[in-house]
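Chemist:
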Amino acid sequence: MDRFEPNLRIPGPTALPPSVREAGARQMINHRGPEFAAMLDRILTGMKPYFGTTSDIAIVTTAGTGGLEAAVVNTISPGDRVLGVSIGSFGDRFAKIARTYGADVTKLEAEWGYAAAADEIRERLRGLPGTKAVLLTHNETSTAVMNPIPELAAAIREEAPEALILVDSVSGLGAVPFEMDAWGVDVVVTGSQKAWMSAPGLAMIAASPRAWSAMETATAPRLYLDLRAHREAHAGGETPWTPAIAVVFQVDEGIRLMTAEGRENVFARHEACAAAARAGLVALGFELFADPAAASRTVTAANVPGDLDWKAFNGEVKRRGVVLAGGQGKLAGKIFRLGHLGSVTIEEILGAMSTLEMVSIGMGRSVRPGAAVAAAQVAALESYGVVTPAGVATPAAAGR
Ligand code: PLP
Numbered sequence: 049m050d051r052f053e054p055n056l057r058i059p060g061p062t063a064l065p066p067s068v069r070e071a072g073a074r075q076m077i078n079h080r081g082p083e084f085a086a087m088l089d090r091i092l093t094g095m096k097p098y099f100g101t102t103s104d105i106a107i108v109t110t111a112g113t114g115g116l117e118a119a120v121v122n123t124i125s126p127g128d129r130v131l132g133v134s135i136g137s138f139g140d141r142f143a144k145i146a147r148t149y150g151a152d153v154t155k156l157e158a159e160w161g162y163a164a165a166a167d168e169i170r171e172r173l174r175g176l177p178g179t180k181a182v183l184l185t186h187n188e189t190s191t192a193v194m195n196p197i198p199e200l201a202a203a204i205r206e207e208a209p210e211a212l213i214l215v216d217s218v219s220g221l222g223a224v225p226f227e228m229d230a231w232g233v234d235v236v237v238t239g240s241q242k243a244w245m246s247a248p249g250l251a252m253i254a255a256s257p258r259a260w261s262a263m264e265t266a267t268a269p270r271l272y273l274d275l276r277a278h279r280e281a282h283a284g285g286e287t288p289w290t291p292a293i294a295v296v297f298q299v300d301e302g303i304r305l306m307t308a309e310g311r312e313n314v315f316a317r318h319e320a321c322a323a324a325a326r327a328g329l330v331a332l333g334f335e336l337f338a339d340p341a342a343a344s345r346t347v348t349a350a351n352v353p354g355d356l357d358w359k360a361f362n363g364e365v366k367r368r369g370v371v372l373a374g375g376q377g378k379l380a381g382k383i384f385r386l387g388h389l390g391s392v393t394i395e396e397i398l399g400a401m402s403t404l405e406m407v408s409i410g411m412g413r414s415v416r417p418g419a420a421v422a423a424a425q426v427a428a429l430e431s432y433g434v435v436t437p438a439g440v441a442t443p444a445a446a447g448r
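Right, here's the structure in full:
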């Protein structure tokens with residue numbers, strides 16, 4: 049653990065590629081000069097396809113939560129009716145922010161482990177005329193569930209055409225397809241420490257034309273997070289306040305790497321890593337937490353078996369260099385999570401599976417050596433559309 053790089057398998061912050069790490073160590077530059085302006089332009093241009101928008105994006109020096117707060121304070125006024133759709137702890141947080149700023153928030157909660165249902169949102173909106181905004185989580189990191197945003201947004205647009213749709217995609221955007229304009233989404237928030245392979249510190253927030261115009265009449269107090277100030281400064285190649293320049297360097301490099309890899313390849317890699325993680329964990333004898341129909345492509349959660357001494361197991365896994373995440377909120381101690389976003393490779397997932405196998409076998413669990421690695425590898429190959437040789441067990445058949 050001291051001598052070797054850990055295999056950081058948490059759902060953010062994600063491991064930094066070497067060139068991103070080096071970018072963060074660069075000498076400072078004048079953030080009111082041409083070099084910064086060119087960099088900001090590259091980032092904004094490079095990110096737009098990932099948001100699926102031609103609209104303006106703001107880059108704010110803050111954690112992802114600050115990005116969610118920006119989404120709220122810029123579009124919602126105290127007393128506004130808001131529907132907070134929550135499928136886990138980050139959905140709860142989004143609703144809490146709106147409540148904190150005085151919105152009249154109704155919460156619609158799905159059972160943890162499941163996606164939100166379009167019909168339920170539609171029905172709830174029917175009883176909430178004049179709803180100003182609906183809050184959605186794209187990728188609920190606490191439960192490893194991904195919401196079907198196109199379907200949910202379409203239902204909201206149909207039932208409440210005037211309602212703004214604000215989406216937390218802190219742990220989704222950049223790793224999975226998102227088409228903000230085509231789906232009719234109004235605000236999307238992401239964070240530098242997730243798919244963008246950078247350190248924490250920046251939130252990127254895109255707003256639709258109607259969201260930008262809603263900001264002109266919204267009355268919640270705001271100054272640092274006023275997105276209009278960011279947009280105006282960005283037009284001149286600057287940020288309104290001193291940005292986390294080291295993280296800006298990193299995001300610039302992260303996007304350069306993503307562009308070189310190609311957007312579709314980035315998405316395919318995440319899909320393959322997710323398939324590998326799921327198959328490997330199942331082959332290890334773990335039960336996956338999330339509804340398979342809504343499984344996240346950036347994080348996988350599994351139940352901690354009743355007969356497993358989790359503390360001892362995780363301690364040994366960690367000693368061998370694999371860092372997993374535990375459960376959050378009411379899932380603490382009940383699930384563990386394995387992150388696969390950002391710079392993740394199939395080989396890192398296979399390595400993690402190998403470690404989990406070794407530790408499982410060492411603790412006397414009934415696991416066949418190589419089973420999880422094989423299952424994960426086959427799943428990755430299948431995800432990439434590579435036909436596996438005859439005789440190779442498929443993930444479903446790999447069993448335990
Ligand atoms: N929303 C989601 C879905 C997240 O996964 C996270 C962080 O893990 C956040 C919001 C909050 O981001 P931050 O911890 O940077 O404030």
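Here the sequence shown stands for residues 49 to 448, where the numbers follow the numbering used here. Even for Gly, the Cβ is constructed at its ideal location relative to N, Cα and C. Since the structure is predicted, the reported quantities are computational estimates derived from the model, not experimental observations.
Cutting at 7 Å between CB atoms, please list the residues of its own chain near P97, excluding the five before and the five after it.
Modeler: One-based indexing of the sequence shown puts residue 97 at position 49. So the list reads R311, once near-sequence residues are dropped.
Chemist: Inspect the beta-carbon positions of T154 and L131 and report whether they are closer than 8 Å.
Modeler: Stepping through the sequence shown from its first residue, residue 154 is reached at position 106. Stepping through the sequence shown from its first residue, residue 131 is reached at position 83. Cβ distance < 8 Å, so T154 and L131 count as in contact.
Chemist: State buried or exposed for V224, treating a residue as buried only when at least 16 other CB atoms are found within 10 Å of its CB.
Modeler: Here residue 224 refers to the residue found at position 176 when the sequence shown is read from its first residue. Per the 10 Å Cβ criterion, buried.
Chemist: Mind checking whether the beta-carbon of N195 lies closer than 7 Å to any heavy atom of the ligand PLP?
Modeler: Indexing the sequence shown from 1 puts residue 195 at position 147. Every heavy atom of the ligand PLP is 7 Å or more from the Cβ of N195, so no.
Chemist: Decide yes or no for the touch test of the region 202–217 against the region 164–183: beta carbon pairs closer than 8 Å, at least 3 of them.
Modeler: Yes, since at least three Cβ pairs between the region 202–217 and the region 164–183 fall closer than 8 Å, the two stretches touch.
Chemist: Do G100 and D229 come within 8 Å of each other at the CB atom, strictly closer than that value?
Modeler: The sequence position of residue 229 within the sequence shown is 181, counting from 1. The sequence position of residue 100 within the sequence shown is 52, counting from 1. Going by C-beta atoms, D229 is nearer than 8 Å to G100.
Chemist: Say the cut is 7 Å; is the CB of E168 nearer than that to a heavy atom of the ligand PLP?
Modeler: The residue labelled residue 168 in the question sits at position 120 within the sequence shown. Checking the Cβ of E168 against the ligand PLP gives no.
Chemist: CA-CA distance, G127 and R170?
Modeler: As a working note, residue 127 is residue 79 in the sequence shown. As a working note, residue 170 is residue 122 in the sequence shown. Each residue's alpha carbon lies about 22 Å from the other.
Chemist: How many Å lie between G284 and F226 at the Cα?
Modeler: Translated into the one-based positions of the sequence shown, residue 284 becomes position 236. Translated into the one-based positions of the sequence shown, residue 226 becomes position 178. If I take the Cα positions, the gap works out to 27 Å.
Chemist: Confirm the yes/no value for this check: CB of L271, any heavy atom of the ligand PLP, distance under 7 Å.
Modeler: Position 223 of the sequence shown, counting from 1, holds the residue named residue 271. False, no ligand heavy atom lies under 7 Å from that Cβ.
Chemist: Does the ligand PLP have even one heavy atom less than 7 Å from the beta-carbon of F138?
Modeler: For this step, residue 138 is matched to residue 90 along the sequence shown. True, at least one ligand heavy atom lies under 7 Å from that Cβ.
Chemist: T189: buried (16+ other C-beta within 10 angstroms of its C-beta) or exposed?
Modeler: What you label residue 189 is simply residue 141 of the sequence shown in a count that begins at 1. It is buried - the Cβ of T189 has at least 16 other Cβ atoms within 10 Å.
Chemist: Using the three-state DSSP reduction, which class does M49 fall into: helix, strand or coil?
Modeler: Position 1 of the sequence shown, counted from the start, is the residue given in the question as residue 49. Its pLDDT being 48, under 50, M49 is placed unreliably by the model, and the measurement read from it follows with that caveat. Coil.
Chemist: Measure the Cβ-Cβ separation of A203 and A166 and say whether it is below 8 Å.
Modeler: Here the question's residue 203 lines up with position 155 in the sequence shown. Here the question's residue 166 lines up with position 118 in the sequence shown. Yes, the pair counts as a contact, with Cβ atoms nearer than the cut-off.
Chemist: Can you name, in chain order, every residue of its own chain whose Cβ lies under 7 Å from the Cβ of G377, other than the five neighbours on each side?
Modeler: One-based indexing of the sequence shown puts residue 377 at position 329. So the qualifying residues of the chain are S137 and S190.
Chemist: Measuring only from the beta carbon, is V130 closer than 7 Å to any heavy atom that is part of the ligand GDP?
Modeler: Ligands in the displayed structure: the ligand PLP; the ligand GDP is not one of them.
Chemist: Name the residue from E53, S125 and T287 whose alpha carbon lies nearest to the alpha carbon of M87.
Modeler: Position 39 of the sequence shown, counted from the first residue, corresponds to residue 87. Comparing Cα-Cα distances from M87 to each of E53, S125 and T287, the minimum goes to T287.
Chemist: Have a look at A324 and L200 and give me their C-alpha separation to the nearest angstrom.
Modeler: Within the sequence shown, numbered from 1, the residue matching residue 324 stands at position 276. Within the sequence shown, numbered from 1, the residue matching residue 200 stands at position 152. Rounded to whole angstroms, A324 to L200 spans 28 Å at the Cα level.
Chemist: Just to confirm my understanding: we take A255, look at its own chain, exclude 5 residues before and 5 after, and list those with CB closer than 6 Å. What are they?
Modeler: The count along the sequence shown starts at 1 and reaches residue 255 at position 207. Only V235 meet the Cβ criterion.
Chemist: Taking 7 Å as the limit between beta carbons, can you name the residues of its chain near A281, skipping five residues before and five after?
Modeler: Taking the first residue of the sequence shown as 1, we reach residue 281 at position 233. Within the same chain, A281 has close Cβ partners T287 and P288.
Chemist: In the DSSP assignment, find the unbroken alpha helix (DSSP H) run with G285 in it and report its ends.
Modeler: Taking the first residue of the sequence shown as 1, we reach residue 285 at position 237. No alpha helix (DSSP H) holds G285; DSSP gives it neither H nor E.
Chemist: Could you say if the region 327–347 and the region 396–407 meet the contact criterion of at least three C-beta pairs nearer than 8 Å?
Modeler: Yes, the region 327–347 touches the region 396–407.
Chemist: Residues in the same chain with beta-carbon distance under 7 Å from M49, minus the five sequence neighbours each way, listed in chain order, please.
Modeler: Translated into positions along the sequence shown, residue 49 becomes position 1. Confidence is the limiting factor: at M49 the pLDDT is only 48, short of 50, which leaves the residue's position unreliable and the question unanswerable from this model.
Chemist: What is the rounded straight-line gap between the Cα of T62 and the Cα of H318?
Modeler: Looking up residue 62 in the sequence shown gives position 14. Looking up residue 318 in the sequence shown gives position 270. Between T62 and H318, the C-alpha separation is close to 13 Å.
Chemist: With H, G and I counted as helix, E and B as strand and the rest as coil, what does DSSP make of R270?
Modeler: Against the sequence shown, residue 270 aligns to sequence position 222. If DSSP states are grouped into helix, strand and coil, R270 belongs with coil.
Chemist: Just reading off the beta strand (DSSP E) that N55 is part of, what are its end residues?
Modeler: As a first step, residue 55 must be located in the sequence shown, where it is residue number 7. Counting along the chain, the beta strand (DSSP E) containing N55 begins and ends at N55 to R57.
Chemist: Which same chain residues end up closer than 6 Å to V71 when comparing Cβ atoms and leaving out the 5 residues on each side of it in sequence?
Modeler: Numbered from 1 along the sequence shown, position 23 holds the residue referred to as residue 71. Correcting the residue identity first, residue 71 is Ala in this sequence and not Val. Contacts found: F297, Q298 and E301.
Chemist: Is the closest heavy atom of the ligand PLP to the C-beta of L200 under 7 Å?
Modeler: In the sequence shown, the residue the question calls residue 200 occupies position 152. Incorrect: L200 has no Cβ contact closer than 7 Å to the ligand PLP.
Chemist: When you compare the CB positions of V57 and L386, do they come within less than 8 Å of one another, or not?
Modeler: Numbered from its first residue, the sequence shown carries residue 57 at position 9. Numbered from its first residue, the sequence shown carries residue 386 at position 338. The question names Val, yet the displayed sequence has Arg at residue 57. Contact: yes.
Chemist: If you follow the alpha helix (DSSP H) that A422 is in, where does it begin and where does it stop?
Modeler: As a working note, residue 422 is residue 374 in the sequence shown. A419 to S431 is the extent of the alpha helix (DSSP H) around A422.
Chemist: Under a Cβ-count criterion, where at least 16 other Cβ atoms within 10 Å of its own Cβ denotes burial, should V434 be classed as buried or exposed?
Modeler: In the sequence shown, counting from the first residue as 1, residue 434 sits at position 386. Its Cβ having fewer than 16 others within 10 Å, V434 is exposed.
Chemist: Given this structure, state the Cα-to-Cα distance separating A151 from R129, to the nearest angstrom.
Modeler: Locating residue 151 in the sequence shown gives position 103, where the first residue counts as 1. Locating residue 129 in the sequence shown gives position 81, where the first residue counts as 1. Rounded to the nearest angstrom, the two C-alpha atoms are 6 Å apart.
Chemist: Ends of the alpha helix (DSSP H) at E157?
Modeler: One-based indexing of the sequence shown puts residue 157 at position 109. Element bounds for E157: not the alpha helix (DSSP H) but the beta strand (DSSP E), D152 to E157.
Chemist: With a 10 Å radius around its C-beta and 16 neighbouring C-beta atoms as the bar for buried, classify F384 as buried or exposed.
Modeler: The residue you call residue 384 lines up with position 336 of the sequence shown. When all chains shown are included, F384 counts as buried.
Chemist: Relative to the ligand PLP, is the shortest distance from any of its heavy atoms to the C-beta of P291 smaller than 7 Å?
Modeler: On the sequence shown, residue 291 is found 243 positions in, with the first residue counted as 1. Answer for P291: no, Cβ out of range of the ligand PLP.
Chemist: By Cβ distance, which residues of its chain are closer than 8 Å to L64, with the 5 residues on each side in sequence left out?
Modeler: The residue you call residue 64 lines up with position 16 of the sequence shown. Result list for L64: G72, M245, S246, A247, Q298 and S391, in chain order.
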